[in-house]
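See below for the structure under consideration.
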Amino acid sequence: MGRHSALTPGVSVTRFDDKPVVFNRIVTFLLLLPVGLLTVFYVLPTLNLITSATSASSAVEHLTSRSTWNVLWFTTWQAALSTLLTLVVALPVTWAVSVFRFRGRSIAQAVMVTPFVMPSVVVAAAVRSIIPGNDDTGLIPILIAHCIFNVAVVVRVVGGRWSLIPRDVIHAAMSLGASPYKVFTTVTLPLLRRSLAATSALVFAFTFMSYGVVAILGGPTYRTIEVEIFAQAVAFGDVEEAVVLSILQVVAVGLLFTLTSGESPISQRTAASRGVPLTLHPRSRTIRIFLTISCALMCAPFVFLIRRSFGSEGTFTTVGWRALWDNSLSTVGVDVPRAALNTLVFAVGCVVITLPCAVIIATARQRMVIRARQVELLTAGPVITSGVILGFGALITFDTSPMDWRTSTWLIPVMHGVVALPLATRIIVQSLLEIPQGQREVAATLGAGPFGTWWTIDISASRRALQSAAGVSAALSIGEFGATSFLSRQDSQTLPVVLAQLLGRPGEIVQAAGFAVSLLMATFVALVVARA
Numbered sequence: 047m048g049r050h051s052a053l054t055p056g057v058s059v060t061r062f063d064d065k066p067v068v069f070n071r072i073v074t075f076l077l078l079l080p081v082g083l084l085t086v087f088y089v090l091p092t093l094n095l096i097t098s099a100t101s102a103s104s105a106v107e108h109l110t111s112r113s114t115w116n117v118l119w120f121t122t123w124q125a126a127l128s129t130l131l132t133l134v135v136a137l138p139v140t141w142a143v144s145v146f147r148f149r150g151r152s153i154a155q156a157v158m159v160t161p162f163v164m165p166s167v168v169v170a171a172a173v174r175s176i177i178p179g180n181d182d183t184g185l186i187p188i189l190i191a192h193c194i195f196n197v198a199v200v201v202r203v204v205g206g207r208w209s210l211i212p213r214d215v216i217h218a219a220m221s222l223g224a225s226p227y228k229v230f231t232t233v234t235l236p237l238l239r240r241s242l243a244a245t246s247a248l249v250f251a252f253t254f255m256s257y258g259v260v261a262i263l264g265g266p267t268y269r270t271i272e273v274e275i276f277a278q279a280v281a282f283g284d285v286e287e288a289v290v291l292s293i294l295q296v297v298a299v300g301l302l303f304t305l306t307s308g309e310s311p312i313s314q315r316t317a318a319s320r321g322v323p324l325t326l327h328p329r330s331r332t333i334r335i336f337l338t339i340s341c342a343l344m345c346a347p348f349v350f351l352i353r354r355s356f357g358s359e360g361t362f363t364t365v366g367w368r369a370l371w372d373n374s375l376s377t378v379g380v381d382v383p384r385a386a387l388n389t390l391v392f393a394v395g396c397v398v399i400t401l402p403c404a405v406i407i408a409t410a411r412q413r414m415v416i417r418a419r420q421v422e423l424l425t426a427g428p429v430i431t432s433g434v435i436l437g438f439g440a441l442i443t444f445d446t447s448p449m450d451w452r453t454s455t456w457l458i459p460v461m462h463g464v465v466a467l468p469l470a471t472r473i474i475v476q477s478l479l480e481i482p483q484g485q486r487e488v489a490a491t492l493g494a495g496p497f498g499t500w501w502t503i504d505i506s507a508s509r510r511a512l513q514s515a516a517g518v519s520a521a522l523s524i525g526e527f528g529a530t531s532f533l534s535r536q537d538s539q540t541l542p543v544v545l546a547q548l549l550g551r552p553g554e555i556v557q558a559a560g561f562a563v564s565l566l567m568a569t570f571v572a573l574v575v576a577r578a
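In our numbering, the protein residues as written are 47 to 578.
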């Protein structure tokens, strides 16, 4: 049918179907923005890192070297041990906050989850602050930090599934004479199997790709693949060894996610089958005491972090805090005010880059635009690629004209945006898909065009999600250490880079200043997350 009606020749009428088609075409065109961002700053550096940075003979030589396999072996078994320790520590807490309802339950959940939103370098600094003397680096501090950081994963994923188990199933088993242990092994554990498998895979991946924690707590002896990549590429200048290690990590993590991709953390159930937390009996103090102790242990490193920023060994001084601002740290090549400003500017830049791209992808996904699903899947790439790989890939890719951008300050917030885009996209997509289609249809019948419907319905209803996506992006940028450690220069250092430098140097004042910087970072992240 053309622009003229067949019933009334010569009379021009507007085809209302044209507007949605035009809007969809605009959205499809705008998809070029996130696709271009990911292609240039994720796909290109990663592929270049894997394919063209080393010869086959050199790769074989490095792959067969004892040092490479020693690093891979330590990375693997420390990740496995960290995963096991995290499950042992987190499952009792998860059971308590998922099965029972009691006063302070939400506070206990918040305490367990909070370390996960903190930068990994802050968690590492907190663990280091609680261990006295020369024992503040080594395997034990690494395991403690990994455990504290990943308890939240177990509480959120396994706890979400545990709370869905119908209580009548548990009561039926108990009424048949099953002991609590028998109920757990024959009823609860089989229902939690998939979520436990998914959680274990996530925690293993996080600890396998651990960089900030091991860089600060590992000392000269303990190095994971991530730390060794940085050491070989930057400290020793052996780019070929760093490339081989990078390929090794990409293959290992890709294989892990391929093997566990079928595991669903939380199966979908109807509201009627959802479990309702039991009400804790007022005289049942055991669980209250247990959770109080657990929360205290989770908070202890951060309390000691505050104390260590004001000196140690019984002394109280503000010299560490004063050193941040009086230029006394310039002798060690650190400018904290400049780093703090850079961190905040990069966080804003990350949000400016991430949010429009995430909104475009989410809108295309909701409107089922062609290739929207593929673009959304492309954004998942940075999730399974560490910041170290991204930073190293960018370092060796953008080194020749016309893309000689290695020393460009703007490259840092762009890489932060690549890291943050998957989470921001997921938040906004979820929000748009939850809006009833009827609301859009009502707006259309009232005369709103596709853009008006999108603005008044989709964007208005997703304001909370947009705020959350912006907050998550800013928080990730503030704490990003992997890519930034490769790309930052003296005038573009961020707080995580400065923190690692300070804690890596001896001296009471320098150490106190390092702990003060970690508190400054924690404050920035807390303010951003609170607003989100």
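Ideal placement from N, C-alpha and C gives every residue a C-beta, glycine not left out.
Just tell me which of the options has its CA closest to the CA of residue i.
{"i": "V289", "options": "F438, R368 and R149", "result": "F438"}
{"i": "I352", "options": "P165, L457 and F561", "result": "F561"}
{"i": "T231", "options": "A126, I216, S221 and G498", "result": "I216"}
{"i": "Q420", "options": "L77, L469 and V67", "result": "L77"}
{"i": "V167", "options": "G525, S175, S531 and V574", "result": "G525"}
{"i": "I96", "options": "V297, M164 and T183", "result": "V297"}
{"i": "F276", "options": "G528, S111, L549 and L131", "result": "G528"}
{"i": "L185", "options": "R202, T121, T446 and A105", "result": "T121"}
{"i": "L83", "options": "A546, P402 and L533", "result": "P402"}
In this structure, how does DSSP classify residue i when only helix, strand and coil are distinguished?
{"i": "R147", "result": "strand"}
{"i": "L222", "result": "coil"}
{"i": "G256", "result": "It should be noted that the sequence gives Ser, not Gly, for residue 256. Three-state DSSP puts S256 in coil, outside helix and strand."}
{"i": "V380", "result": "coil"}
{"i": "M344", "result": "helix"}
{"i": "A426", "result": "coil"}
{"i": "Q539", "result": "coil"}
{"i": "L565", "result": "helix"}
{"i": "M47", "result": "With a pLDDT of only 44 at M47, under 50, the local geometry of the prediction cannot be trusted, and the value read off the model is given with reservation. Three-state result, M47: coil."}
{"i": "A559", "result": "helix"}
{"i": "Y88", "result": "helix"}
{"i": "N373", "result": "coil"}
{"i": "A578", "result": "coil"}
{"i": "L78", "result": "helix"}
{"i": "M461", "result": "helix"}
If we ignore side chains and look at the alpha-carbon of each, how far apart do residue i and residue j end up?
{"i": "L90", "j": "T443", "result": "8 Å"}
{"i": "F362", "j": "F252", "result": "37 Å"}
{"i": "S103", "j": "L294", "result": "16 Å"}
{"i": "I407", "j": "G357", "result": "49 Å"}
{"i": "V571", "j": "G493", "result": "43 Å"}
{"i": "S564", "j": "S292", "result": "28 Å"}
{"i": "S246", "j": "T129", "result": "6 Å"}
{"i": "H50", "j": "F69", "result": "Unreliable positioning characterises H50 in this predicted model, as indicated by a pLDDT of 45, which lies under 50. The coordinate reading is nonetheless provided below. Taking the straight line joining both Cα atoms gives about 22 Å."}
{"i": "S376", "j": "M344", "result": "34 Å"}
{"i": "V169", "j": "P347", "result": "8 Å"}
{"i": "W371", "j": "K65", "result": "57 Å"}
{"i": "F350", "j": "E422", "result": "42 Å"}
{"i": "Y257", "j": "V391", "result": "24 Å"}
{"i": "V249", "j": "I430", "result": "13 Å"}
{"i": "T132", "j": "L566", "result": "27 Å"}
{"i": "P552", "j": "S355", "result": "15 Å"}
{"i": "T530", "j": "S523", "result": "9 Å"}
{"i": "L478", "j": "V163", "result": "24 Å"}
{"i": "T304", "j": "S241", "result": "16 Å"}
{"i": "A489", "j": "I481", "result": "13 Å"}
Does the beta-carbon of residue i have 16 or more other beta-carbons within 10 angstroms, so that it is buried, or is it exposed?
{"i": "S313", "result": "Summary for S313: the model assigns pLDDT 44, below 50, so the residue's position carries little reliability, and this model does not support an answer."}
{"i": "N388", "result": "buried"}
{"i": "A342", "result": "exposed"}
{"i": "Q124", "result": "buried"}
{"i": "S432", "result": "buried"}
{"i": "Y88", "result": "buried"}
{"i": "V543", "result": "buried"}
{"i": "W208", "result": "buried"}
{"i": "M255", "result": "buried"}
{"i": "L93", "result": "exposed"}
{"i": "R577", "result": "exposed"}
{"i": "G182", "result": "The identity of residue 182 in the sequence shown is Asp, whereas the question assumes Gly. Buried: at least 16 other Cβ atoms inside 10 Å."}
{"i": "S225", "result": "exposed"}
{"i": "Q476", "result": "exposed"}
{"i": "R213", "result": "exposed"}
I'd like to know whether the C-beta of residue i is nearer than 7 Å to at least one C-beta of chain B.
{"i": "A346", "result": "Going by chain labels, chain B is absent from the structure shown, which holds only one protein chain."}
message: Quick test of the definition: if touching needs 3 or more C-beta pairs under 8 Å, does the stretch 481-489 touch the stretch 435-453?
response: The stretch 481-489 makes no contact with the stretch 435-453: fewer than 3 CB pairs, one atom from each, lie closer than 8 Å.
message: Pairs of beta-carbons, one from the stretch 504-524 and one from the stretch 556-565, closer than 8 Å: are there three or more?
response: They do not touch, by the three-pair rule.
- request: Count the C-beta pairs between the stretch 194-204 and the stretch 127-137 that are closer than 8 Å, then say yes if the count reaches three, no if not.
  value: Cβ pair count under 8 Å is three or more, so yes.
- prompt: So does the stretch 497-505 actually touch the stretch 230-241, counting three or more Cβ pairs closer than 8 Å?
  reply: Counting Cβ pairs under 8 Å, fewer than three are found: no touch.
- request: Answer yes if the stretch 458-471 comes into contact with the stretch 394-403, meaning at least three C-beta pairs across the two stretches below 8 Å, and no otherwise.
  value: Enough Cβ pairs lie closer than 8 Å, so yes.
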